[in-house]
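Encoded structure:
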């Protein structure tokens, strides 16, 4: 996760985009149109906004993401009840009745 995040920040900087456009939206024309609308919507709110966070807080969040991304993946093979697990933008449902 840390590497993915850092690559997205680097690419976003090079492409003059917001990292959210690369991390949370598909890179299709439609996906980027929606991303632009989302980012524009975020800028429209002017009242009762959260306070800006400090650089120290941003760095702490990045550090936490990097550490989280380095953790061993969870073993989901022992789940014995119906469970929906999604990980990505192209997941294919695989329904299995035990």
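Numbering (UniProt numbering), first residue to last: 1 to 98. C-beta: ideal position from N, C-alpha, C; glycine also.
Give the range of the alpha helix (DSSP H) segment to which residue i is assigned.
i: residue 55; result: 55-70
i: residue 82; result: It is not in any alpha helix (DSSP H) - residue 82 carries neither H nor E in the DSSP assignment.
i: residue 74; result: Here residue 74 belongs to no alpha helix (DSSP H), and DSSP marks it neither H nor E.
i: residue 49; result: That residue, residue 49, is in no alpha helix (DSSP H); it is neither H nor E in DSSP.
Residues in the same chain with beta-carbon distance under 8 Å from residue i, minus the five sequence neighbours each way, listed in chain order, please.
i: residue 73; result: none
i: residue 29; result: none
Can you give me the Cβ contacts of residue i inside the same chain, cut-off strictly under 6 Å, excluding the 5 residues immediately before and after it?
i: residue 80; result: none
i: residue 40; result: none
i: residue 31; result: 25
Here's the rule I'm using: 16 or more other beta-carbon atoms within 10 Å means buried, otherwise exposed. How should residue i be labelled?
i: residue 59; result: exposed
i: residue 25; result: buried
i: residue 37; result: exposed
i: residue 86; result: exposed
i: residue 35; result: buried
Can you name, in chain order, every residue of its own chain whose Cβ lies under 7 Å from the Cβ of residue i, other than the five neighbours on each side?
i: residue 12; result: 18, 19, 21 and 22
i: residue 76; result: 85
i: residue 54; result: none
Is residue i near the ligand NAP, in the sense that its beta carbon is under 8 Å from a heavy atom of that ligand?
i: residue 25; result: The ligand NAP is not part of this structure, which contains no ligands at all.
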